[in-house]
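For the sequence shown, the working numbering gives the first residue as -4, with consecutive numbering after it.
Built from N, CA and C at the ideal position, the CB exists for glycine as well.
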Amino acid sequence: MLVRDVFMRKILVLFAFLAVLPALARVSNPPNDPHAWLEDTHGRVALSWVEAQNARTLQRLTADARHETYRREALRIFTAKDRIAMPAFRAGGVDNLWQDERHPQGVWRHAPLASYLAGKPSWSVLLDLDALSKAEGRRWFLKGVECLPPDDRLCLVNLSDGGGDAIEIREFDTKARTFLKDGFNVSRAKQSIDWVDANTVLLARAFDPTEETTSGYAAVIREVKRGQRPEDGRVVFRADRKDTMVSARVLRREDSSVAALVAERRVRFFDVELSLIDGAQPVRLALPTSASLRGFVRGQMILTVQDAWRGFGQGALVAIDLARLRKAPDAPDMAASLVMQPSALQSIDGVQTTRDAVVVQLLDAVKGAIEVYRPGEDGWSGRRLAMPANSTLTVRAAQQSGSLVFVSSESFLEPTRLWSVDAEGGAPRLVASLPPRFNASTHRVEQSWAVSKDGTRIPYFLVVPKSARMDGSTPTQLFGYGGFQISKPPAYLPEMGKLWLERGGAYVIANIRGGGEFGPRWHKSALRENRQRAFDDFAAVAEDLIARKVTSPRRLGIYGRSNGGVLTTVSMTQRPDLFNAVVVESPLIDMLRYHKLSAGASWVAEYGNPDDSGDRRFIEAYSAYQKLRPGTSYPEPYVTTNTEDDRVHPGHARKYAARLAELGLPYLYFENTLGGHSNDADPALNAERWARHYVYLAQKLMD
């Protein structure tokens, strides 16, 4: 341990102690948390602490001779002109958001469909986000658009200042290429909006605290007419403040006319109540709360059910006839039919709809497949598309006014390709291919299984050098997530390949419980009081890698972000003997307080409620912020977050670093002062981000 580092840590601890009193005067926090003042996101004292931490970390990481090389290599990848411009259908053509060195915030652009399919898109710029930002003195990033069918000329543009989840909404005329001064314009908030017709929208938005849920989202839906102030719109649906959020869905027929207006009341993160709101009073549909509305095809509402229901198995894809449902909203099973039932090793990873078909993005033993289902007189029939095997397949866009679908394929060592396919029949056709971004010939991929503490077999993917000696010497990065039914299948990660694999590293994805790799059962088996299973699964994969001599504790590092931050910090505190590097990004860490920070209250269904004594017992058994102990030899972690992250509060990362400093333990901390939770706002900042990550991993695992 360097004397300079010891001295710096003592100075930081002293700084924290002197700062805590004035900060606590501004922040209402538990009195037994000496670092609670760091939850004051934009507080002067907290940001001064961040500035000091950043300076210390940058001195270590950017001074490394590898940093500038890594940064340049990553920036070339993120701004390359030959990237695939991923499409979104609109106005008979395709839209794309393009970012590069000249346009770090991006340009929203449009091309005719024929030119795009021919591989020579004729782009025209609709909106230059960089020019808009310069004119208005803001940092605008595009967070999606909602356009009015069938011509898609008028669009509701979602703009985020800095990249966070809160958005400002502005109406935009894509023909005139201008914002409408007297259009549907709504000030910044966490909100959602959808068109009913040219003069009416449905807005889910809180205009005062009584209209906001405890999770910080809207509890009311308003019908807003053109020319009307948004706050004066008629309330058509109101949820309870203890709910997670509400949002509105407009279901449309093939001719774009409105078939139904639906309120989605998310009573808990995974539990949704659906109501029709196009009558005098909302009509609650007697569907299971585990049902999720996925689309609308030929008068059929398409849903997935997470739990077995009325003869349909867990995870099933179900269609419900809307006309019959309107007549008997209390008996929805009478109007229901099965579209498809996943097997024990399958999971529905996504659903999109065309005019006449349902397109299912499937995982089969954690490998991708695409299936298309169409309704007929004898029920639903489907076919599996002839797509590349052993790949991850993603439905990028589905044509609501037709039958065309764009699907991407990728794997660890095979670059992303984009395919077009007609849902009505025919073979997929290659549209674009990403050129190789790194030399993949030096590595091989295998899928293996580890055995967890309770005997459950846990799959994982290993990308390892063909020349690896299997003597424990291979630097290995182990990635995990394990939450919210989110799957982590193979992915082509150019920055990882270039900065890590090309330099002799190995990469592992652990498909632990809590994710969605095998459907709802895989997720539910690690919920709440069973969370420890996810941590045990992750440790089992690490132990398997060590037992097989792929790597060793000296050469093994772990990386996780968001919910993965729970995983990595708990792994660090429970099994510090297994790892030598820990990257903790945009993390949840203080699990006894997470529900009080940002959107944390919405995740109680996942983790449990710390205010409930029964739940608190199993949460505090693993919460890493409280589990750090003096005198324990932990690996030196790299903890990083974003100031403008309005989903997972930066206080988690800050307090964890401060606790490590208090105990005199080694750590690195960096906080980006721009960008939201997704880390996707600016390609230049993203290049810096990955350069820091891989300098740290190289220092810990390769040096």
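Distance between Leu680 and Arg624 (C-alpha atoms, nearest Å): 34 Å
Do Val503 and Gln472 count as a contact pair if the criterion is CB distance below 8 Å? yes
Output needed for Gly88: all residues of its chain with C-beta closer than 6 Å, excluding positions within five of it in sequence on either side, in chain order. His105, Ala106, Pro107, Leu108
Opposing strand residues paired with Trp699 [DSSP bridges]: An answer regarding residue 699 cannot be provided, because it is not within the stretch -4 to 698 covered by the chain.
Could you tell me if Val257 is buried or exposed, where buried requires 16 or more neighbouring beta carbons within 10 angstroms of its beta carbon? buried
Give the straight-line distance between the Cα atoms of His518 and Gln223, rounded to the nearest whole angstrom. 44 Å
Euclidean distance between Cα positions of Phe136 and Met491: 25 Å
Below 8 Å, how does it come out for the segment 572 to 587 and the segment 537 to 554: are there three or more Cβ pairs, yes or no? yes
What are the uninterrupted segments assigned as beta strand (DSSP E) that are 3 or more residues long and contained completely in the segment 197 to 270, given in chain order? 215 to 220, 229 to 233, 240 to 247, 253 to 263
Give me the DSSP bridge partner(s) of Leu149. Asp168
Could you check the C-alpha separation between Ser566 and Ala534 for me, to the nearest Å? 7 Å
Which whole-angstrom value describes the C-beta separation of Val355 and Val361, a residue pair presumed to lie in contact below a C-beta threshold of 8 Å? Not quite, the Cβ-Cβ distance comes to about 16 Å (not below 8 Å), so this is no contact.
Residues near Val446 in its chain [Cβ-Cβ closer than 7 Å; skip 5 each side]: Arg452, Ala535
Mapping DSSP to helix, strand and coil, what is Thr195? strand
Would you mind reading off the limits of the alpha helix (DSSP H) that contains Gly560? 558 to 569
Please classify Pro17 as buried or exposed, where buried requires at least 16 neighbouring CB atoms within 10 angstroms. A caution first: Pro17 carries a pLDDT of 36, below 50, which makes its placement in the model unreliable, though a value can still be read off. By the neighbour-count rule (16 or more Cβ atoms within 10 Å), Pro17 is not buried but exposed.
In whole angstroms, what is the alpha-carbon distance linking Ser338 and Val241? 32 Å
Residue from Gly595, Tyr554, Ile584 with nearest C-alpha to Ser618: Ile584
Quick check on DSSP: helix, strand or coil for Glu409? coil
Take the Cβ of Pro632 as the centre, count every other Cβ of all protein chains shown within 10 Å, and call the residue buried at 16 or more, exposed below. buried
By DSSP, does Ala529 sit in helix, in strand, or in coil? helix
Exposed or buried, which one is Lys129 when buried takes at least 16 other CB atoms within 10 Å? exposed
Below 8 Å, how does it come out for the segment 108 to 123 and the segment 592 to 604: are there three or more Cβ pairs, yes or no? no
Measure the C-alpha to C-alpha separation of Asp698 and Leu488 and round it to an integer number of angstroms. 23 Å
My understanding is that Gly555 touches Phe665, with C-beta atoms under 8 Å, so please give their C-beta distance in whole angstroms. Between Phe665 and Gly555 the Cβ distance is about 16 Å, and since that is not below 8 Å, they are no contact.
Counting Cβ pairs, one atom from each stretch, are 3 or more of them under 8 Å apart for the segment 371 to 379 and the segment 216 to 231? no
Quick one: residues in its chain with C-beta nearer than 6 Å to the C-beta of Phe407, no 5 flanking neighbours on either side, listed in chain order? Val440, Val458, Pro485
Once the 5 residues before and after Phe174 are set aside, which same chain residues still bring their CB inside 6 Å of it? Arg165, Phe167
Can you tell me which of Ser287, Leu592, Ile297, Trp32 puts its alpha carbon nearest to the alpha carbon of Val262? Ser287
Can you give, in chain order, each stretch of the beta strand (DSSP E) that sits fully within the segment 315 to 386 and has at least 3 residues? 331 to 335, 341 to 348, 353 to 359, 362 to 371, 374 to 379
Residues bridged to Gln442 (per DSSP): Phe456
If we call anything under 8 Å between Cβ atoms a contact, is Ile365 one with Val334? no
Cα separation between Ala113 and Leu425? 10 Å
Under the DSSP definition of a beta bridge, which residues are partnered with Leu473? Val503, Ile553
What distance in whole Å lies between the Cβ atoms of Ala596 and Ser210, which are believed to be in contact at a cut-off of 8 Å? 4 Å
Quick one: which unbroken alpha helix (DSSP H) runs of 4-plus residues sit fully inside the segment 568 to 625? Chain order, please. 599 to 602, 608 to 615, 619 to 622
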